[in-house]
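Enquirer: Heads up, the sequence shown is in the numbering used here, so the first residue is 421 and it goes up one at a time.
Built from N, CA and C at the ideal position, the CB exists for glycine as well.
Since the model is a prediction, treat every value here as computed from it, not as a measurement.
Can you keep this structure in mind? I'll have questions shortly.
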Amino acid sequence: MKKFNFIIVLFLLVSCASLDKKYSQTERPSRKVADIDVANLTPTEKATYNLISYLKKTNYFDFIGSQIHGWPKNDNSKSFWWGTYWSGVRIFKKDGRVTFLHPHDGSDNNGFRTAGLMIGMCYAQALSPHAEWNYQIQKMVRGFSSWILASDSLSRPDRAKVLSRAHYTENVTVKEPKYEYLVDYSLNRPGTDNQSTQYVEISDNPTFGHIWLKNSRSLDDIGEMILAMVQLNSCRSQLSAETNADIDQMNSLYSKWSVDVEDNKFQFPSLTKQGEYTRSNAPLTLITRKFLPTGLVAISLLHGVDDHTESLLTNLDLITVSLLGKKLNNDAIEMIRAANIAALLEAKTLKSDRLVSKLTSRVQIRIDQDSKILNDLKSWPRINKADIAGAFIHAHNAGVNISQEQINHIYKSLADADETTPSGDPKYNIFSSTVPDGEYGYGLTETSLIPARSVAQLIGTCSSKFRDSRQESLLNCDVLNKFLTEVH
421 MKKFNFIIVL
431 FLLVSCASLD
441 KKYSQTERPS
451 RKVADIDVAN
461 LTPTEKATYN
471 LISYLKKTNY
481 FDFIGSQIHG
491 WPKNDNSKSF
501 WWGTYWSGVR
511 IFKKDGRVTF
521 LHPHDGSDNN
531 GFRTAGLMIG
541 MCYAQALSPH
551 AEWNYQIQKM
561 VRGFSSWILA
571 SDSLSRPDRA
581 KVLSRAHYTE
591 NVTVKEPKYE
601 YLVDYSLNRP
611 GTDNQSTQYV
621 EISDNPTFGH
631 IWLKNSRSLD
641 DIGEMILAMV
651 QLNSCRSQLS
661 AETNADIDQM
671 NSLYSKWSVD
681 VEDNKFQFPS
691 LTKQGEYTRS
701 NAPLTLITRK
711 FLPTGLVAIS
721 LLHGVDDHTE
731 SLLTNLDLIT
741 VSLLGKKLNN
751 DAIEMIRAAN
761 IAALLEAKTL
771 KSDRLVSKLT
781 SRVQIRIDQD
791 SKILNDLKSW
801 PRINKADIAG
811 AFIHAHNAGV
821 NISQEQINHI
831 YKSLADADET
841 TPSGDPKYNI
851 FSSTVPDGEY
861 GYGLTETSLI
871 PARSVAQLIG
881 TCSSKFRDSR
891 QESLLNCDVL
901 NKFLTEVH
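So this is what it looks like as structure tokens:
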């Protein structure tokens, strides 16, 4: 009976996928995922159904591709095209034309969102290669590089590169086969400064021309970014030579940046409002040495491993979470999670067995702490419980054994994401002529139990290079692969 029910599920999902082949994004008729009795499916089968259902409801791959932007490939007036996933953007549709308006105070921590989506896209590409997904991954890889390249100036050729929060060119029109829209950066040329970041004018950037850069890069999303950079190894064999060359460039830029950071005692260099190179981001050192030694290790491993790297690894973060955890905000806990797993993946790539052993134990302790938090959420009012499901998925994809309780929480979170995401939300097909004028939200709608950026990362159970093959996959990989193959 269970097998029969699952065959029905598979037939319905593949039938929906066939509609995608018949219609383009702008021509596709509205449709609903059929109501199916999933009570008799196994947990693995139900999770596979929930994931595929969510990907279909959100028009996931086309939608993510349309949201990632920076400078488009179609406009060759710049020497470098790229894209990232932003925050705070407002989307307007008027007379059928779509505009992405960036807010006056800009976007911060774009690495969180861009990295998370790049990982999911990479896992999908590893399992079922598509030329379009290769292109979207390439766009995001180049987006990572753009955050460093933006600091260059022809008039200051000897100035060291720094990592920016974001940068803003003049307005530009994105033209792709499935969509076209205007990107309006005008409110950021310059934007509004605040106590954390200022807009720096660079009128002679050799790559992007006249831009405004947001300075004082924070640590918040660095772990997630490094994690994504290493997990790209899971799909590199399915990427084009051009995309692999862009990955090599990105890795080289961040390796050199990490040397500068470590030489500066792990303070992030930046640019002053006047464009002068500065090493004055002092609070970062205090914070990292207090609760994030794995952040130091993850940055150091970007340029290799030696005895000094291992000496950076103390137990301060574990002690801090145990003693001060309930006073730490969610951002601090999330930085610890990402840095731990990023450093573990780097150590595996560099074949440093001693570090792998130490970091695996550390990740295990960290996710076990998260399990305890889930069972005592009232005592952790500053924690975003959605991030915990994402941490369990990252750990699983990194080869760390997770418990049945943690697997069940992933399944529960995935089911919630699917069941609370309505079918036919117009934002996911905004470029269709059937969607009326108005304002629409940017990016995936968040759900309560799992970050939107983490949902597709579950595909890694079938394709992550680092996953422990001795642990069963959390999805039916054959069914998932068949669905992904049908996506167009």
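(1) So the beta strand (DSSP E) Arg510 belongs to, where does it begin and stop?
(2) What's the C-alpha gap between Gly724 and Gln891?
(3) Which term fits Leu765, buried or exposed, when burial requires 16 or more other beta carbons within 10 angstroms of its beta carbon?
(4) Considering only the alpha carbon of each residue, which of Asn671, Val776, Ile870 lies closest to Ala809?
(5) Using the beta-carbon count (16 or more within 10 Å), is Asn795 buried or exposed?
(6) Pull up the DSSP beta-bridge partners for Ala586, would you.
(7) Please state if the CB of Met755 and the CB of Leu722 are separated by a distance shorter than 9 Å.
(8) Could you give the DSSP three-state label for Ile870: helix, strand or coil?
(9) Three-state secondary structure (DSSP) at Gly526?
(10) I'd like the span of the alpha helix (DSSP H) that includes Phe903, first residue to last.
(11) DSSP three-state label for Gln891, please.
(12) In this structure, how does DSSP classify Trp491 when only helix, strand and coil are distinguished?
(13) So Tyr588 and Asn614 are supposed to be a Cβ contact under 8 Å. How far apart are they, rounded?
(14) Within a Cβ cutoff of 7 Å, which residues of the same chain sit near Thr905, ignoring the five residues on either side of it in sequence?
(15) Whole angstroms are fine: how far does the CA of Leu602 sit from the CA of Arg510?
(16) Quick check: the region 508 to 526 against the region 571 to 579, are there 3 or more CB pairs under 8 Å?
(17) So for Leu712, helix, strand or coil by DSSP?
(18) Taking C-alpha atoms, which residue in Gln824, Val620, Asn530 lies nearest to Thr692?
(19) Secondary structure at Tyr862, three-state DSSP: helix, strand or coil?
(20) Using only the alpha-carbon positions, how far apart do His837 and Gly844 sit?
(21) My guess is that Arg637 and Ser690 are in contact by the Cβ rule of under 8 Å, so how many angstroms apart are they, rounded?
(22) In angstroms, rounded to a whole number, what distance separates the CA positions of Gln545 and Ser606?
(23) Which residue spans inside the region 793 to 835 form an unbroken alpha helix (DSSP H) run of at least 4?
(24) Span of the alpha helix (DSSP H) holding Thr504?
(25) Could you tell me which residues DSSP puts in a beta bridge with Arg517?
(26) Anyone know if the C-beta pair for Arg562 and Asn635 falls short of 9 Å?
(27) Taking the alpha carbon of Ile488 as the point to measure from, which residue in Val681, Glu552, Ala718 has its own alpha carbon closest?
(28) With H, G and I counted as helix, E and B as strand and the rest as coil, what does DSSP make of Lys595?
(29) Report the three-state DSSP secondary structure of Ser548 (helix, strand or coil).
(30) Under 9 Å, Cβ to Cβ, is there at least one residue of chain D near Ser636?
(31) Going by DSSP in three states, Asn749 sits in which element: helix, strand or coil?
(32) On the three-state DSSP scale, how would you describe Thr468?
(33) Looking only at C-alpha atoms, which of Ser833, Thr854, Phe520 sits nearest to Ser868?
(34) Quick check on this structure: which residue in Gly490, Asn494, Gly611 has the alpha carbon closest to the alpha carbon of Trp506?
Expert: Looking at the coordinates:
(1) By one-based count along the sequence shown, residue 510 stands at place 90. 510 to 514 is the extent of the beta strand (DSSP E) around Arg510.
(2) In the sequence shown, counting from the first residue as 1, residue 724 sits at position 304. In the sequence shown, counting from the first residue as 1, residue 891 sits at position 471. Rounded to the nearest angstrom, the two C-alpha atoms are 29 Å apart.
(3) Locating residue 765 in the sequence shown gives position 345, where the first residue counts as 1. Buried: at least 16 other Cβ atoms inside 10 Å.
(4) Taking the sequence shown and counting its residues from 1, one reaches residue 809 at position 389. Of the candidates Asn671, Val776, Ile870, Ile870 places its Cα closest to the Cα of Ala809.
(5) Counted from its first residue, the sequence shown places residue 795 at position 375. Asn795 is exposed by the Cβ-count criterion.
(6) Sequence index remark: in the sequence shown, residue 586 carries index 166 (1-based). DSSP, once it has assigned bridges, lists Lys634 as partnering Ala586.
(7) In the sequence shown, residue 722 corresponds to position 302, counting from 1. In the sequence shown, residue 755 corresponds to position 335, counting from 1. No, the Cβ-Cβ distance between Leu722 and Met755 is not below 9 Å.
(8) Position 450 of the sequence shown, counting from 1, holds the residue named residue 870. Correct three-state label for Ile870: coil.
(9) Mapped onto the sequence shown, residue 526 falls at position 106. Coil.
(10) Reading the sequence shown from its first residue, position 483 is the one you call residue 903. For Phe903, the enclosing alpha helix (DSSP H) has its first and last residue at 897 to 906.
(11) Against the sequence shown, residue 891 aligns to sequence position 471. In the structure shown, Gln891 sits in coil (DSSP, three-state: anything other than H, G, I, E or B).
(12) Numbered from 1 along the sequence shown, position 71 holds the residue referred to as residue 491. Strand, per DSSP.
(13) Residue 588 sits at position 168 when you count from the first residue of the sequence shown. Residue 614 sits at position 194 when you count from the first residue of the sequence shown. About 16 Å separates the Cβ atoms of Tyr588 and Asn614, ruling out a contact at the 8 Å cut-off.
(14) Position 485 of the sequence shown, counted from the start, is the residue given in the question as residue 905. Taking C-beta separations shorter than 7 Å and ignoring five residues to either side along the sequence, the partners of Thr905 in its chain run Ser548, following chain order.
(15) Taking the sequence shown and counting its residues from 1, the one referred to as residue 510 is at position 90. Taking the sequence shown and counting its residues from 1, the one referred to as residue 602 is at position 182. Put simply, the backbone Cα of Arg510 is about 12 Å away from that of Leu602.
(16) Touching, no.
(17) Counted from its first residue, the sequence shown places residue 712 at position 292. Coil at Leu712, not helix or strand.
(18) Along the sequence shown, one-based indexing puts residue 692 at 272. When only C-alpha atoms are compared, the closest one is Val620.
(19) Against the sequence shown, residue 862 aligns to sequence position 442. Looking at Tyr862 - three-state DSSP - the assignment turns out to be coil, as it is neither helix nor strand.
(20) Sequence index remark: in the sequence shown, residue 837 carries index 417 (1-based). Sequence index remark: in the sequence shown, residue 844 carries index 424 (1-based). Note on residue identity: the sequence assigns Ala, not His, to residue 837. Answer to the nearest angstrom: the Cα atoms are 15 Å apart.
(21) On the sequence shown, residue 637 is found 217 positions in, with the first residue counted as 1. On the sequence shown, residue 690 is found 270 positions in, with the first residue counted as 1. Approximately 7 Å separates the beta-carbon atoms of Arg637 and Ser690; this is inside 8 Å, confirming the contact.
(22) Locating residue 545 in the sequence shown gives position 125, counting from the first residue. Locating residue 606 in the sequence shown gives position 186, counting from the first residue. Taking the straight line joining both Cα atoms gives about 35 Å.
(23) Counting whole runs of 4 or more residues, the region 793 to 835 contains the alpha helix (DSSP H) stretches 806 to 817.
(24) To locate residue 504, count along the sequence shown from 1; it is residue 84. In the DSSP assignment, Thr504 falls outside any alpha helix (DSSP H) and lies within the beta strand (DSSP E) extending over 502 to 504.
(25) On the sequence shown, residue 517 is found 97 positions in, with the first residue counted as 1. Per DSSP, Lys514.
(26) Reading the sequence shown from its first residue, position 142 is the one you call residue 562. Reading the sequence shown from its first residue, position 215 is the one you call residue 635. No, the Cβ-Cβ distance between Arg562 and Asn635 is not below 9 Å.
(27) In the sequence shown, residue 488 corresponds to position 68, counting from 1. Per the Cα distances, Glu552.
(28) For this step, residue 595 is matched to residue 175 along the sequence shown. DSSP, read as helix, strand or coil, puts Lys595 in strand.
(29) In the sequence shown, counting from the first residue as 1, residue 548 sits at position 128. Assignment of Ser548 by DSSP, reduced to helix, strand and coil, places it in the coil class.
(30) As a matter of chain content, chain D is missing from the structure shown, which is built from one protein chain.
(31) Here residue 749 is taken as the residue at index 329 of the sequence shown, counted from 1. Reduced to three states, the DSSP call for Asn749 is coil.
(32) As a working note, residue 468 is residue 48 in the sequence shown. When secondary structure is reduced to three states using DSSP, Thr468 falls in the helix class.
(33) Position 448 of the sequence shown, counted from the first residue, corresponds to residue 868. The shortest Cα separation from Ser868 among Ser833, Thr854, Phe520 belongs to Ser833.
(34) Along the sequence shown, one-based indexing puts residue 506 at 86. The shortest Cα separation from Trp506 among Gly490, Asn494, Gly611 belongs to Gly490.
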